[in-house]
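To keep things clear, I will list the structure first and then write my remarks on it.
Given below as structure tokens:
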């Protein structure tokens, strides 16, 4: 386990930027800002324009860490306290889950909750509780 | 113009994720580890994002249409079914195992860290597998029953 510092201001500012980008995407394209939808739509696009806006959005997302580095001098910290096997198994399960659940933290947790969508509220409560239980079991019951 | 504006929206998202700590699995997992090395920072990410989006959407939905498209394209289903809850539960399980979620991992690709590419490759494989199950296996099961 890795201790991480409590960063309320940076996290709040980051959250506001996430919300701003979700608002702007709705204003410009009338679309929900969901990371699941971006990846999923790129894998099987309905049309060429459908592919293009998602590719542009993803290209912008990937620019984010570099811009933070330009502004602050630091790349975002990425500390991975789990094994490569856990990244692969977790990634596979996340991919299956967000496809059947039609969204993840950004689509359901931010955009759907902000619209007070009952589906998104139910989805967000579900994954937050299951993640909490999963982390508790892995760290304190199995004890790795 | 439309694509460049969309790119800039992605930049704002990527910067927000980078600044917030959502791209850092140690921080994400610590948020959920209330009984251990708890770091409540992500409450501020979720809170800031939710309040901003809530107010922003209220303003945007005052318009009759988005800037570059004729209509808003917003999910309208209100059904809470097994697929939604089961899928979300699986997502929570995977998130708790890996510490990355899709929205955190996509911008993190820009750091070039190999762990992020491993996770995103597995994520894509998982999405492909689920799409295959949905489009090929499920109809056959229905046809057979």
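Chains as they are written, first to last, in this note's numbering: chain A, 37 to 180; chain B, 374 to 518.
Beta carbons are placed, not taken as given, at the ideal position from N, Cα and C, and that holds for glycine.
Out of the options, which one is the CA nearest neighbour of residue i?
i                      : options                       : result
residue 447 of chain B : A:168, A:59 and A:166         : A:59
residue 346 of chain B : A:122, A:116 and A:107        : Since the displayed chain B opens at 374 and closes at 518, residue 346 of chain B lies outside it and no answer follows.
residue 165 of chain A : B:465, B:483, B:451 and B:428 : B:465
residue 85 of chain A  : B:504, B:396, B:410 and B:375 : B:375
residue 98 of chain A  : B:444, B:402, B:511 and B:389 : B:389
residue 140 of chain A : A:124, A:125, A:160 and A:151 : A:160
residue 379 of chain B : A:81, A:87, A:82 and A:72     : A:87
residue 162 of chain A : B:456, B:486, B:509 and B:500 : B:456
residue 445 of chain B : A:101, A:65 and A:89          : A:65
residue 146 of chain A : B:470, B:419 and B:492        : B:419
residue 469 of chain B : A:152, A:119, A:138 and A:136 : A:119
residue 398 of chain B : B:489, B:503 and B:508        : B:489
residue 381 of chain B : A:124, A:95, A:116 and A:171  : A:95
residue 92 of chain A  : B:385, B:411, B:438 and B:513 : B:385
residue 421 of chain B : A:102, A:137, A:47 and A:72   : A:47
residue 440 of chain B : A:61, A:44, A:38 and A:133    : A:61
residue 168 of chain A : B:377, B:391 and B:403        : B:403
residue 452 of chain B : A:107, A:82, A:157 and A:109  : A:157
residue 39 of chain A  : B:377, B:400, B:391 and B:383 : B:400
residue 458 of chain B : A:124, A:109 and A:135        : A:135
Using 8 Å as the limit for Cβ to Cβ distance, is residue i near chain B?
i                      : result
residue 44 of chain A  : yes
residue 76 of chain A  : yes
residue 178 of chain A : no
residue 117 of chain A : yes
residue 175 of chain A : yes
residue 109 of chain A : no
residue 82 of chain A  : no
residue 87 of chain A  : no
residue 103 of chain A : yes
residue 93 of chain A  : yes
residue 106 of chain A : no
Chain A beta carbons: is any one of them nearer than 8 Å to that of residue i?
i                      : result
residue 486 of chain B : yes
residue 456 of chain B : yes
residue 516 of chain B : no
residue 513 of chain B : no
residue 467 of chain B : yes
residue 414 of chain B : yes
residue 419 of chain B : yes
residue 435 of chain B : no
residue 509 of chain B : no
Let me know if residue i comes out buried or exposed under the rule of 16 or more other beta-carbons within 10 Å of its beta-carbon.
i                      : result
residue 67 of chain A  : buried
residue 148 of chain A : buried
residue 481 of chain B : buried
residue 462 of chain B : buried
residue 42 of chain A  : exposed
residue 222 of chain A : Nothing can be reported for residue 222 of chain A, as the shown portion of chain A is limited to 37 through 180.
residue 395 of chain B : buried
residue 178 of chain A : exposed
residue 511 of chain B : exposed
residue 151 of chain A : buried
residue 155 of chain A : buried
residue 407 of chain B : exposed
residue 405 of chain B : buried
residue 71 of chain A  : buried
residue 417 of chain B : buried
residue 412 of chain B : buried
Could you give the C-beta distance for residue i and residue j, rounded to a whole number, given that I count them as a contact under 8 Å?
i                      : j                      : result
residue 63 of chain A  : residue 428 of chain B : That belief does not hold up - the Cβ atoms of residue 63 of chain A and residue 428 of chain B are roughly 13 Å apart, past 8 Å.
residue 114 of chain A : residue 484 of chain B : 6 Å
residue 127 of chain A : residue 499 of chain B : 6 Å
residue 75 of chain A  : residue 471 of chain B : That pair is no contact at about 15 Å.
residue 144 of chain A : residue 409 of chain B : Wrong, their Cβ atoms sit about 26 Å apart, outside the cutoff.
residue 100 of chain A : residue 90 of chain A  : Between residue 90 of chain A and residue 100 of chain A the Cβ distance is about 16 Å, and since that is not below 8 Å, they are no contact.
residue 138 of chain A : residue 460 of chain B : 7 Å
residue 449 of chain B : residue 51 of chain A  : About 26 Å; that fails the 8 Å criterion.
residue 112 of chain A : residue 104 of chain A : 6 Å
Contact list for the stretch 46-67 of chain A against chain B, Cβ threshold 7 Å:
46, 47, 48, 49, 50, 51, 52, 53, 54, 55, 56, 57, 58, 59, 60, 61, 62, 63, 64, 65, 66 and 67
In chain order, what residues of the stretch 153-165 of chain A put their CB closer than 8 Å to some CB of chain B?
153, 154, 155, 158, 159, 160, 162, 163, 164 and 165
Taking only beta carbons into account, state which residues of the stretch 120-132 of chain A come closer than 9 Å to chain B, listed in chain order.
120, 122, 123, 124, 125, 126, 127, 128, 129, 130, 131 and 132
Tell me which residues of the stretch 132-149 of chain A have at least one Cβ-Cβ distance to chain B shorter than 9 Å, keeping chain order.
132, 133, 134, 135, 136, 137, 138, 139, 140, 141, 142, 143, 144, 145, 146, 147, 148 and 149
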